[in-house]
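Read through the structure below, which is laid out as C-alpha cells, and then see the notes.
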Amino acid sequence: MIMKRILVFRHDKIGDFVLLWPALSLLKNAMPDTSIEVFVTPVLKSFALACPYVDHVIVDSGDDQAIRKEIDARQYDAALVSNSQFRIYKIIRNLNIPYVLAPKHNWYQYFYKNRTDAQYKVGEGCWRGGCMLIEAFLTAHNMTIPALPKRYWDVTAEREHWQQYYGKQNDEKLIFVHPGTGGSSGSLPTKDFIKLITQVDQSTQHKCRFVLTFSGEEANLAGAIFDEVSKQGVNITLAKPLKDLTDFAKSIVAADMFMAGSTGPLHIAGLHNVPTVGFYAGRKSQPKVRWQTLSEQHKRLAFTPPESKRTGRDMSLVDIDYTAKSIAEFLNTYYTK
Numbered sequence: 000m001i002m003k004r005i006l007v008f009r010h011d012k013i014g015d016f017v018l019l020w021p022a023l024s025l026l027k028n029a030m031p032d033t034s035i036e037v038f039v040t041p042v043l044k045s046f047a048l049a050c051p052y053v054d055h056v057i058v059d060s061g062d063d064q065a066i067r068k069e070i071d072a073r074q075y076d077a078a079l080v081s082n083s084q085f086r087i088y089k090i091i092r093n094l095n096i097p098y099v100l101a102p103k104h105n106w107y108q109y110f111y112k113n114r115t116d117a118q119y120k121v122g123e124g125c126w127r128g129g130c131m132l133i134e135a136f137l138t139a140h141n142m143t144i145p146a147l148p149k150r151y152w153d154v155t156a157e158r159e160h161w162q163q164y165y166g167k168q169n170d171e172k173l174i175f176v177h178p179g180t181g182g183s184s185g186s187l188p189t190k191d192f193i194k195l196i197t198q199v200d201q202s203t204q205h206k207c208r209f210v211l212t213f214s215g216e217e218a219n220l221a222g223a224i225f226d227e228v229s230k231q232g233v234n235i236t237l238a239k240p241l242k243d244l245t246d247f248a249k250s251i252v253a254a255d256m257f258m259a260g261s262t263g264p265l266h267i268a269g270l271h272n273v274p275t276v277g278f279y280a281g282r283k284s285q286p287k288v289r290w291q292t293l294s295e296q297h298k299r300l301a302f303t304p305p306e307s308k309r310t311g312r313d314m315s316l317v318d319i320d321y322t323a324k325s326i327a328e329f330l331n332t333y334y335t336k
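Residue numbers (numbering that gives the first Met the number 0): 0 to 336.
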C-alpha cells in the first residue's frame with residue numbers, strides 16, 4: 000500500500016514535541032516520499048514546520064468540529080496517536096482513515112482496532128515511547144526500521160552566525176543557562192544558579208561567556224542572576240530577544256553547553272547534540288533518566304537532590320559545590336585539544 004499522507008498527534012508541551020523527533024525521523028527516513036504531518040498546539044506551529052521530518056502542520060485550534068473537517072479534507076492514509084486522549088478518538092473515530100494506531104494505555108484504547116505497547120522501559124528515556132509507536136507501525140507494514148541519527152537537527156551551518164549574535168569572542172566557550180522552568184521538575188533556586196555560574200567560571204580552564212536565556216515572564220529572574228553574577232567579574236550576558244521559538248531553537252546551536260531544569264529549551268539543546276546539564280527531582284521514577292535529553296550519553300550531565308519523599312523535590316538540596324566541580328571537569332576534558 001502506497002501512503003501519501005500520515006498524521007501524527009502530539010499536541011502538548013514544547014519538550015514533549017521535541018522528544019518525538021526521533022520517532023518522526025524514523026518515519027520520514029523509512030517513508031521519504033510520504034508527507035509526514037503533525038497535529039500540534041499553536042505555540043509549536045513554526046517550530047514544527049522547521050522540523051526536517053515534518054511536511055505539514057495542523058494546529059489544535061480548540062474547535063474540534065473545524066479540526067475534524069480539516070483532517071478529513073487531507074485524506075490521510077494513516078493516523079498515529081502519540082498523545083492519546085479521548086478527545087482525539089472522538090475527532091477521528093468516523094473519519095475515513097484506513098489505518099489508525101494508538102498506544103495501549105487509558106481505557107479508551109479498546110476503541111482502536113490497532114494498538115501497540117508504547118511504554119518505554121525502565122532505564123530508557125521517555126522519547127523511546129514515540130519510537131516504539133513508529134516501530135510498531137513500520138513493522139505492521141513490512142518496512143525496515145531505520146537507524147537513528149546522532150544529531151536530529153543539523154543547522155551547524157548557522158553556528159558561527161549565532162555565536163556572533165551572542166557575542167562570542169575568539170576561543171570563548173558559550174555556556175547557556177536557562178534558570179526558569181516549565182517542566183515537570185523544578186529548577187535551582189536563584190542563589191544556587193548564581194553560585195553555580197560563579198564556581199564553574201572559577202574552576203574551568205576555559206574562558207567562558209555565560210548566556211542567560213529566558214522567556215518573557217522570566218525576565219526578572221534572569222536579570223537578578225545577571226546583576227549578582229556580574230558583580231563577581233564573570234563574563235555574562237542576557238540573551239537578546241528573538242522573533243519566535245524557531246529562531247531561538249536554531250540559535251541554541253551556538254552553545255558549547257546548555258544548563259537548565261527539565262524544560263523545553265534543555266530538550267531543544269539535545270536536538271543539536273549540545274552537551275546538556277539537567278537538574279531533576281530525586282525520585283524513584285528516575286526523572287533524570289526518564290527526561291534525559293537527546294544529546295549523546297557522554298554529553299549529558301544530570302544532578303538531583305537526595306532521593307526520598309522528603310528531599311527529592313527540594314532542589315535547594317542539590318550539591319552545588321559537587322555540581323560546579325563536575326561541570327568544570329567536563330569542560331576541561333571535553334574541550335581540551
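Note that CB positions come from ideal geometry on N, CA and C, so glycine has one too. Every value quoted in this text rests on a predicted model; they were computed, and no experiment measured them.
Q. Do His10 and Phe38 come within 7 angstroms of each other at the CB atom, strictly closer than that value?
A. Within the sequence shown, numbered from 1, the residue matching residue 38 stands at position 39. Within the sequence shown, numbered from 1, the residue matching residue 10 stands at position 11. Yes, the pair counts as a contact, with Cβ atoms nearer than the cut-off.
Q: Output yes if chain D places a C-beta closer than 7 angstroms to the C-beta of Thr335; else output no.
A: Among the chains in the structure shown there is no chain D, since it carries only a single protein chain.
Q) According to the Cβ coordinates, are Lys27 and Ile35 closer than 7 angstroms? A) Position 28 of the sequence shown, counted from the start, is the residue given in the question as residue 27. Position 36 of the sequence shown, counted from the start, is the residue given in the question as residue 35. Their beta carbons are under 7 angstroms apart, which means Lys27 touches Ile35 by this criterion.
Q | Alpha carbon of Ile13 to alpha carbon of Ile224, nearest angstrom | A | Taking the sequence shown and counting its residues from 1, the one referred to as residue 13 is at position 14. Taking the sequence shown and counting its residues from 1, the one referred to as residue 224 is at position 225. Rounded to the nearest angstrom, the two C-alpha atoms are 25 angstroms apart.
Q | Strand pairing of Val37, partner residues [DSSP] | A | By 1-based counting over the sequence shown, the position of residue 37 is 38. Paired residues: Val7, Val56.
Q.
With the cut-off set at 7 angstroms, would you say Ile193 and Val233 are in Cβ contact?
A. Here residue 193 refers to the residue found at position 194 when the sequence shown is read from its first residue. Here residue 233 refers to the residue found at position 234 when the sequence shown is read from its first residue. It is not a contact, given that the beta carbons lie outside the stated cut-off.
Q: Kindly list the residues whose CB is nearer than 8 angstroms to the CB of Glu69, restricted to its own chain and excluding five residues on each side of it in sequence; keep chain order.
A: If you number the sequence shown from 1, residue 69 lands on position 70. Same-chain partners within the cutoff: Ile57.
Q) Ser315: buried (16+ other C-beta within 10 angstroms of its C-beta) or exposed? A) Position 316 of the sequence shown, counted from the first residue, corresponds to residue 315. It is exposed - the Cβ of Ser315 has fewer than 16 other Cβ atoms within 10 Å.
Q. Do Thr245 and Gly281 have their C-beta atoms within less than 7 angstroms of each other?
A. Mapped onto the sequence shown, residue 245 falls at position 246. Mapped onto the sequence shown, residue 281 falls at position 282. Not in contact: Thr245 and Gly281 (Cβ atoms no closer than 7 angstroms).
Q.
With three or more C-beta pairs closer than 8 angstroms as the rule, is the region 170–179 touching the region 194–213?
A. Short answer: they touch.
**Q.** Close-in-space but distant-in-sequence residues of the same chain around Leu100 (CB under 8 angstroms, 5 per side omitted)
**A.** Locating residue 100 in the sequence shown gives position 101, counting from the first residue. Ala77, Ala78, Leu79, Val80, Tyr111, Asn113, Arg114, Thr115, Leu132, Ala135, Phe136, Ala139, listed in sequence order.
Q: Would you identify the three-state DSSP class for Leu173, choosing helix, strand or coil?
A: Indexing the sequence shown from 1 puts residue 173 at position 174. DSSP places Leu173 in strand when its eight states are reduced to three.
Q. In whole angstroms, what is the alpha-carbon distance linking Cys130 and Asp226?
A. Residue mapping note: residue 130 aligns to position 131 of the sequence shown, counting from 1. Residue mapping note: residue 226 aligns to position 227 of the sequence shown, counting from 1. One C-alpha to the other measures close to 43 angstroms.
Q: Look at Ala269 and Thr275 and say whether their C-beta atoms are less than 7 angstroms apart.
A: By 1-based counting over the sequence shown, the position of residue 269 is 270. By 1-based counting over the sequence shown, the position of residue 275 is 276. Residue 269 is actually Gly in this sequence, not Ala. Cβ atoms of Gly269 and Thr275: closer than 7 angstroms.
Q: Please go through the region 198–281 and give each complete beta strand (DSSP E) segment of 3 or more residues, from N-terminal end onward.
A: Complete beta strand (DSSP E) runs here, min 3: 207–211, 235–237, 256–260, 275–278.
**Q.** Enclosing beta strand (DSSP E) for Phe302 [first to last residue]
**A.** As a position in the sequence shown, residue 302 is number 303, starting the count at 1. It spans 299–302 - the beta strand (DSSP E) in which Phe302 sits, taken as one unbroken run.
**Q.** Proximity below 7 angstroms, CB of Val154 to CB of Val252
**A.** Start at 1 with the first residue of the sequence shown, and residue 154 comes out as number 155. Start at 1 with the first residue of the sequence shown, and residue 252 comes out as number 253. Yes; because the gap between Cβ atoms is below 7 angstroms, this pair is in contact.
Q: Could you check the C-alpha separation between Ala47 and Asp313 for me, to the nearest Å?
A: Translated into positions along the sequence shown, residue 47 becomes position 48. Translated into positions along the sequence shown, residue 313 becomes position 314. Whole-angstrom Cα-Cα distance: 34 angstroms.
**Q.** Expected contact under 8 angstroms - CB spacing of Tyr151 and Ser24 to nearest Å
**A.** Taking the sequence shown and counting its residues from 1, the one referred to as residue 151 is at position 152. Taking the sequence shown and counting its residues from 1, the one referred to as residue 24 is at position 25. Correct: roughly 6 angstroms between the Cβ atoms.
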